[in-house]
Amino acid sequence: MIKLKGINKYYTSGDEKLHALKNVDLEVKKGEFLAIMGPSGSGKSTMIKILGLLDKDFEGSYLLDEKEVKSLNDDLLSNLRNKKIGFVFQDFNLIDRLTIKENIELPMLYMGKGIKETKDKVIELLGK
Ligand SMILES: Nc1ncnc2c1ncn2[C@@H]1O[C@H](COP(=O)(O)OP(=O)(O)OP(=O)(O)O)[C@@H](O)[C@H]1O
Ligand SMILES: [Mg+2]
Numbered sequence: 001m002i003k004l005k006g007i008n009k010y011y012t013s014g015d016e017k018l019h020a021l022k023n024v025d026l027e028v029k030k031g032e033f034l035a036i037m038g039p040s041g042s043g044k045s046t047m048i049k050i051l052g053l054l055d056k057d058f059e060g061s062y063l064l065d066e067k068e069v070k071s072l073n074d075d076l077l078s079n080l081r082n083k084k085i086g087f088v089f090q091d092f093n094l095i096d097r098l099t100i101k102e103n104i105e106l107p108m109l110y111m112g113k114g115i116k117e118t119k120d121k122v123i124e125l126l127g128k
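Right under this line is the structure:
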């Protein structure tokens with residue numbers, strides 16, 4: 001479960017301080033689907049980076065399965081991203097120097113899956 005309480009996000013460049021997210025509260029329960037919509041510049045990408053554990057530089061509380069995200073170190077966050085978060089990017093973000101097969105294998109190997117299991121799964125996924 002995702003629980004955000006009083007999230008504020010500021011971007012500073014030079015003397016300028018931009019208040020990108022203002023007191024966002026949000027609760028997403030297991031199995032719920034939601035879409036975040038809003039005009040350009042309203043903070044959707046800012047929000048998704050926080051939800052996706054890519055940005056810890058915010059004010060407020062973000063609980064992911066009852067864990068306070070801000071208290072977790074980078075290794076724990078990487079692990080959570082690997083197990084619980086999936087991104088579908090508009091521009092794919094594949095790793096250029098790897099083949100398509102290797103791109104699919106990589107997160108599974110990070111997950112600690114064996115080579116055999118990974119290779120079989122990749123073939124299955126590519127088949128789809
Ligand atoms: N790295 C950054 N440094 C400074 N300001 C930023 C940065 N990223 C975003 N902003 C500003 O924060 C605000 C929210 O931007 P954000 O990219 O989250 O909006 P968005 O809803 O995703 O927009 P779009 O629909 O165009 O993708 C905008 O005013 C933007 O200019
Ligand atoms: Mg965006």
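Quick note on numbering: the UniProt record's numbering labels position 29 of the sequence shown as 29, and the sequence is numbered without any gaps.
Note that beta-carbon positions come from the ideal geometry of N, C-alpha and C, so glycine has one too.
*Determine, using beta-carbon pairs with one atom in the segment 36 to 53 and one in the segment 78 to 96, whether at least three such pairs fall under 8 Å.*
yes
*Residues near residue 44 in its chain [Cβ-Cβ closer than 6 Å; skip 5 each side]*: 36, 38
*What three-state label does DSSP hand residue 65 in the structure shown?*
coil
_Neighbourhood of residue 87 by C-beta, 7 Å cutoff - its chain only, sequence neighbours within 5 removed_ = 52
*Mind the definition here: the segment 1 to 10 touches the segment 18 to 30 only if three or more C-beta pairs lie below 8 Å; say whether that holds.*
yes
*Smallest Cα separation from residue 108: which of 121, 65, 128?*
121
*Heavy atom of ligand 2 less than 6 Å from the Cβ of residue 42, yes or no?*
no
*Use the C-beta contact count for residue 94: other C-beta atoms within 10 angstroms, 16 or more gives buried, fewer gives exposed.*
exposed
*Pick out whichever of 16, 103, 20 has its Cα sitting closest to the Cα of residue 123.*
103
*Report the option in 2, 126, 89, 116 whose CA atom is closest to the CA atom of residue 101.*
126
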